[in-house]
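In terms of mature numbering (1 follows the signal peptide of the UniProt record, and there is no 0), the sequence shown is residues -22 to -1, 1 to 126.
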Amino acid sequence: MKKYMTAAVGGVLLVSALSVQAAEVDDAIEYRQGIFNAFKWNLGPMGAMIKGKMPYDQAQFTLHAQRLETLSHMPLEGFVEGSDSGDTDAKAEIWSDMDTFSAGFDKLQTNAAALVEASNTGDMEQIKPAFGAVAKSCKGCHDNFRKD
Ligand code: HEC
C-alpha cells in the first residue's frame, strides 16, 4: 500500500513538474512574440516616414530607432529549450544552429545602432540605407528560422 502511495505521489509530482515546464515554455513563446510585435510597432512608422506615407519627424523617427535597438537585445532569452513546439512559428533549426541564430540578433543590434546614428543626422540619404539594413536583418533571420 505504502509503495502504491509513493508511486502515486511521485506521479503527481512528475505531472506537476511537467506542467510547470509547459507553462514556462508557453510564457517564453508569448514573451518573444510580444517583443517581435514591439519590433513591428516601431519599424512600421519609420518605414511609413521613409516612403512618405507619414510626415517625417526626426525626433519621432529617432525614438523608434532607439526603442528598436533596445528591443533587439531582448528576444533571444525567450528561445528556451523545448520551445520549438507549441503555439510558435519558430523552426527547430534555431536550437540545432543556435550560433547562427543568435548572430542574427547581433547583426540586428549593430544595424539598429547604426540607424540611431543615421537618424541623429536627420539626413535621409543616410537614414534610408540604414533602415534598409535593419529590414534586411529581420528578413534574413525569418527566411532561415521562421515558418511562413
Ligand atoms: C535572429 C532572428 C530574428 C530576427 C533578427 C528577427 N526575427 Fe522576427 N521572428 C523570428 C522568429 C524565430 C519568429 C517566430 C517566433 C515564434 O513564433 O515563437 C519571429 C516572429 C516575428 C513576428 C511574429 C510575432 C507573433 O506574434 O507571432 C514579427 C511581427 C516579427 N518577427 C517581426 C520582426 C521584425 C520587424 C524584425 C526586425 C526588426 C525581426 N522580426 C527580426 C526571428 C527573428
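Glycine included, C-beta positions come from ideal geometry on N, C-alpha and C.
- If you check the C-beta of T40 against the ligand HEC, you find no heavy atom less than 7 angstroms away.
- In this structure, the CA atom of L41 is about 16 angstroms from the CA atom of D101.
- Under the DSSP assignment, L54 falls outside any alpha helix (DSSP H); it carries neither an H nor an E label.
- Considered as a whole, the stretch 25 to 53 harbours 36 to 49 as its complete alpha helix (DSSP H) runs of no fewer than 4 residues, in chain order.
- With fewer than 16 other Cβ atoms inside 10 Å of its own Cβ, T99 counts as exposed.
- Taking 7 angstroms as the cut-off, one finds at least one heavy atom of the ligand HEC near enough to the beta carbon of F79.
- Taken through DSSP and simplified to helix, strand or coil, A68 comes out as strand.
- Between D67 and R124, the gap from beta carbon to beta carbon is short of 8 angstroms.
- Here M76 is exposed, its C-beta having fewer than 16 other C-beta atoms within 10 Å.
- Annotation for K114 indicates a beta carbon at 7 angstroms or more from all heavy atoms of the ligand HEC.
- Rounded to the nearest whole angstrom, the C-alpha separation of L93 and F109 is 6 angstroms.
- Inclusion of N15 in the 7 angstroms shell around the ligand HEC follows from its C-beta lying nearer than that to a non-hydrogen atom of the ligand.
- The nearest non-hydrogen atom of the ligand HEC is 7 angstroms or more from the C-beta of D35.
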